[in-house]
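The listed protein sequences derive, respectively, from chains P and B. Using our numbering, read the first sequence as starting at 1 and increasing by one per residue. Using our numbering, read the second sequence as starting at 480 and increasing by one per residue. C-beta atoms are modelled at their ideal positions from N, C-alpha and C, and glycine is treated no differently. Worksheet: one structure, shown below.
Protein chains: 2
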Amino acid sequence: MADQKKMVDDITSMDVDFAKWYTDICRKAELIEYTSVKGCMVIRPYGYAIWENIQKILDTKFKESGHENVCMPMFIPESLLQKEKDHVEGFAPEVAWVTHGGSEKLEERLCVRPTSEVLFCEHYANIIQSHRDLPKLYNQWVSVVRWEKTTRPFLRSREFLWQEGHTIHATAEEAIEETKRMLNIYADFCEQSLAMPVIRGKKTESDKFAGAISTYAIEALMHDGKALQAGTSHYFGDGFAKAFDIQFQSKDNKLEYPHQTSWGVTTRLIGAIIMTHGDDNGLVLPPDVAPIQAVIIPVAQHKEGVLEKASELKAELQNQFRVKIDDTDNSPGWKFAEYEMKGVPIRIEIGPRDIENNQCVLVTRHNREKTIVSLNNLSEEIAKKLAEVKEGLYQKALANREKHTYRAETMDEIKSQIAEKGDGFVEAMWCGDEACEKKVKEETGVSSRCIPFEGKHFANKCVCCGKPARHVVVWGNAY
Amino acid sequence: MADQKKMVDDITSMDVDFAKWYTDICRKAELIEYTSVKGCMVIRPYGYAIWENIQKILDTKFKESGHENVCMPMFIPESLLQKEKDHVEGFAPEVAWVTHGGSEKLEERLCVRPTSEVLFCEHYANIIQSHRDLPKLYNQWVSVVRWEKTTRPFLRSREFLWQEGHTIHATAEEAIEETKRMLNIYADFCEQSLAMPVIRGKKTESDKFAGAISTYAIEALMHDGKALQAGTSHYFGDGFAKAFDIQFQSKDNKLEYPHQTSWGVTTRLIGAIIMTHGDDNGLVLPPDVAPIQAVIIPVAQHKEGVLEKASELKAELQNQFRVKIDDTDNSPGWKFAEYEMKGVPIRIEIGPRDIENNQCVLVTRHNREKTIVSLNNLSEEIAKKLAEVKEGLYQKALANREKHTYRAETMDEIKSQIAEKGDGFVEAMWCGDEACEKKVKEETGVSSRCIPFEGKHFANKCVCCGKPARHVVVWGNAY
């Protein structure tokens, strides 16, 4: 019990210090450990298993929609990075530079990829000649490096894992369709697999990805009221194609420039899971990506038949679910706290009295509800519970977002509702003028903004200048 | 037919120029493409799909044997790399150095990992206190960088993909057992899934991994008679633990140093597949890792019912096999050549006459044998054929190795049999003295050597000095 007490004491309450609560969970649930390289972390087995589950689901979706995986080099020569002007301006200040190979100075320095548009462009220029070579729908699962000043596990690190999709198409229409398709795949994944509601929208001109014509994004609201950009999808037009001289012979035998996209999600999604579903007892994992979906805890395991029955249950469940049995000599209480900390969606308790009654106890992590179920159809009960957990998590997160979404018709309302409280999303009308966007940012202190696809106009005037409004903008304080 | 002719003409015959044959296949089968970074390549979808299949099979074997995946940073601070003396000597001359982050010079330069022993050690020192924390059985799938002077696709590149297993154990016995277990997992994978016979053995003292007490390796013989090291597994003893101050409290409450291993295979395995099974028509892929196991080629596809039937066959087969249908308007002859080039194990031809007779034609890539089979039980026929292909590939490769394995009892015999012909494995007896090993290398020009676990002593005297022999050594010219 000493151990159990210690473990629970160790997590800072989220109301006391949200940032500390977050890093406590990252470390106590054994998701990550720090290293001697600032801003770089070890992703430990339990954290990496979450990422593997994310990868499996998304990779299947990517392949079903016709995408193929490739692998580009991690190095980009300085001259290659410089080929597209906006792009290099956006990334050059934050790349890591390799200057020496062994003891020799390199003729040209190489950056470690912060993103791989230029590498894909160089490759496309080599392999695309005809409309028959289009489209190319490529993706890669790699890590990238951005030399950030302030870092936090999963949310902002100097090296992070991600997937980057890069596609190239004969027409602008096809490329725009792809950009939106991938944003929707991300959004559906977040909502269906991570039980995390997201706003689908477009970034403003001043907030686009370096080199893009338009950037789409999904935004989620965290427990502390801050906004988190969970995925982005960019349409490039033919700007990169022109910079890299990628041309193809069209069906009419003309030389044309193709149109490109790129899109990505990162290990940041793990941070989003923590801050959307977690509580003061630790992590709460959505079933689709939980490394352990149900943990079996034998109660009074020294008594005859208990461990045998627990093993039987595991054998029965393990083909359908990710299930673990903890038969170590720690106390049941310690084990309960341990798997709550680790966010395992369902705990299955089985003791001598349960066995006598041909039943077991299911406890769902997110609401601590206990249910006694018969052992006759345990698989079905578990499947049903996991579906309930997912729905419960989603509805809870959605209610939280709705509770913290406000409408503002004046600058003061933005200030009082979000900038001062640091809390929630604020919808405000906007004329579309960059000067107003800048003024809202500077005067109210909000940072993230997104034009939702399904934003409903609720006023006619721009919140800043009073001229006719063209867009709803969702403002927030961004991670 | 012009296209077809071009395609076949483009591959250099392996007897004319083996090195060119190899790179022709890498590029014409669309496995890789070069980039502007010397020694780094793009792994294209068809090449990457082979790697994904290798990953899937090995990752399952690793997990079944209790290993967990993690992810370490890609950067190693110079001071950390220097902690284990032998290790830094082995790797420092060939690492890439990051000296700047953005526009700022780093306080300490970082190398891009050439291998990750020191990162795992730093982590172990943080997380291991008690015997209860042992063993840790970790693995990661990442890329590493070694600044090689001469490079070749898959065989030797500056950046390459691999998996690196790193484990830590309470006892030396357990660690040695792990080292051997993983070598056997590699060997079984090569023989069973890649149809590539390998010699399992131990490296000599002078040829060990930097920092290891012993290195085990599997060696395969390529078509040109050269040897290729296909995987290695290292036992470190407690040397790293001492250098990194990793200690644990034993069951008897004593502070002890744990014992470590590491083991890895790389994308080099794809090079091994090419050079073990390939021929003058292109790639020949073993079924377990072939991205396409069977390709359906409709013959006279404009005729009524042909494409429909081809689609039916695909629908029937696709749950069990990786199957593709090529219904483009290229000629059947062009398609035959294309999928031979790509090494697809089975071609399924289906035309109007076949449909009439309720049959199709199966052609196996490695021996071009044609079989006419009934459509009634096509799945079974394909499964049977794929098993035959695998066995056929293995026996062919084994026969080739046996044909090119010689025994030498004098230095002159080594010279005439392998160094001069550049061909095959030579078994020679060895007294165990490093001076003799060095002399054999220098005087005969062979490079690779390995002490096979199952080497049969065939003479009493060392091939070099004539003193009593202690080991059989298999010599070769190494890739």
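Quick check on residue i: buried or exposed, where buried means 16 or more other Cβ atoms within 10 Å of its Cβ?
i, result
"B/Glu-921", "exposed"
"P/Gln-320", "exposed"
"B/Met-480", "Note that B/Met-480 scores a pLDDT of 37, beneath 50, so its modelled location is shaky; the value from the coordinates is reported in the next line. Exposed: under 16 other Cβ atoms inside 10 Å."
"B/Gly-812", "exposed"
"B/His-781", "exposed"
"P/Ala-399", "exposed"
"P/Ser-13", "exposed"
"P/Thr-444", "buried"
"P/Ser-262", "buried"
"P/Leu-269", "buried"
"B/His-936", "exposed"
"P/Ala-241", "buried"
"B/Ala-779", "exposed"
Using the C-alpha atoms, what's the distance from residue j back to residue i?
i, j, result
"B/Met-520", "B/Ile-504", "15 Å"
"P/Gln-4", "P/Lys-342", "Here the model assigns P/Gln-4 a pLDDT of 43, short of 50, so the residue's position is not dependable and the matter cannot be decided."
"B/Glu-547", "B/Gly-644", "9 Å"
"B/Leu-865", "B/Thr-755", "18 Å"
"B/Ile-771", "B/Lys-803", "7 Å"
"P/Lys-370", "P/Val-361", "7 Å"
"P/Ala-195", "P/Leu-393", "6 Å"
"B/Gly-945", "B/Glu-684", "20 Å"
"P/Lys-421", "P/Tyr-406", "12 Å"
"B/Lys-485", "B/Arg-506", "Caution is warranted here: a pLDDT of 46 is assigned to B/Lys-485, below 50, making its placement in the model unreliable, and no coordinate value can be reported."
"B/Lys-940", "B/Ile-697", "26 Å"
"P/Thr-364", "P/Asn-281", "13 Å"
"B/Val-905", "B/Thr-629", "26 Å"
"B/Glu-791", "P/Tyr-339", "49 Å"
"B/Asp-612", "B/Ala-649", "9 Å"
"P/Gly-278", "P/Lys-61", "27 Å"
"P/Val-473", "P/Ser-447", "12 Å"
"P/Glu-437", "P/Lys-202", "14 Å"
"B/Ile-655", "P/Leu-137", "45 Å"
"B/Phe-639", "P/Val-70", "13 Å"
"P/Pro-258", "P/Asp-252", "15 Å"
"B/Tyr-958", "B/Ala-498", "11 Å"
"B/Lys-788", "B/Ile-834", "8 Å"
"B/Lys-733", "B/Gln-726", "10 Å"
I want to verify the contact list: residues of chain P whose CB lies under 7 Å from the CB of residue i, in sequence order.
i, result
"B/Ser-741", "What B/Ser-741 touches in chain P: nothing, since even the nearest Cβ is about 16 Å away."
"B/Thr-629", "Within 7 Å Cβ-Cβ: nothing; B/Thr-629 doesn't reach chain P, min ~13 Å."
"B/Leu-589", "Val-37"
"B/Asn-605", "Glu-33"
For a contact meaning CB atoms closer than 8 Å, what does residue i contact in chain P?
i, result
"B/Asn-548", "Pro-45, Tyr-48, Ala-49 and Glu-52"
"B/Glu-601", "Thr-35 and Ser-36"
Name the chain B residues that come within less than 7 Å of residue i, Cβ to Cβ?
i, result
"P/Gly-101", "Ala-575 and Trp-626"
"P/Ser-143", "Met-553"
Flag this pair as yes or no: are the beta carbons of residue i and residue j separated by less than 8 Å?
i, j, result
"B/Leu-559", "B/Glu-601", "yes"
"B/Arg-588", "B/Val-597", "no"
"P/Gly-424", "P/Leu-221", "yes"
"B/Ile-647", "B/Ile-607", "yes"
"B/Gly-955", "B/Lys-687", "no"
"B/Pro-824", "B/Val-868", "yes"
"P/Thr-179", "P/Tyr-216", "yes"
"B/Phe-668", "B/Ile-536", "yes"
"P/Val-114", "P/Val-95", "Reading the sequence as shown, one finds Pro at residue 114 of chain P and not Val. Cβ distance < 8 Å, so P/Pro-114 and P/Val-95 count as in contact."
"P/Gln-249", "P/Ser-116", "no"
"B/Ser-515", "P/Pro-77", "yes"
Which residues in chain B sit within 8 Å of residue i, going by Cβ to Cβ distance?
i, result
"P/Gln-26", "Note that residue 26 of chain P corresponds to Cys in the displayed sequence, not to Gln. Neighbours of P/Cys-26 on chain B: none; closest Cβ ~14 Å, over 8 Å."
"P/Val-42", "Val-549, Cys-550, Met-551, Pro-552, Leu-598 and His-602"
For residue i, go through chain P and note every residue whose CB falls closer than 9 Å to its CB, in chain order.
i, result
"B/Leu-640", "Cys-71"
Closer than 7 Å between beta carbons: that is the criterion. Which residues of the segment 552 to 574 of chain B meet it against chain P?
Cβ contacts with chain P come from Pro-552, Met-553, Phe-554, Pro-556, Leu-559, Pro-572, Glu-573 and Val-574.
Give me the subset of the segment 794 to 812 of chain B whose CB atoms are less than 7 Å from a CB atom of chain P, sorted by chain position.
Within the segment 794 to 812 of chain B, contact with chain P at the beta-carbon level (separation under 7 Å) is assigned to no residue.
Mind listing which residues of the segment 770 to 781 of chain B have their C-beta closer than 8 Å to chain P's C-betas, in chain order?
Residues passing the 8 Å Cβ filter: none.
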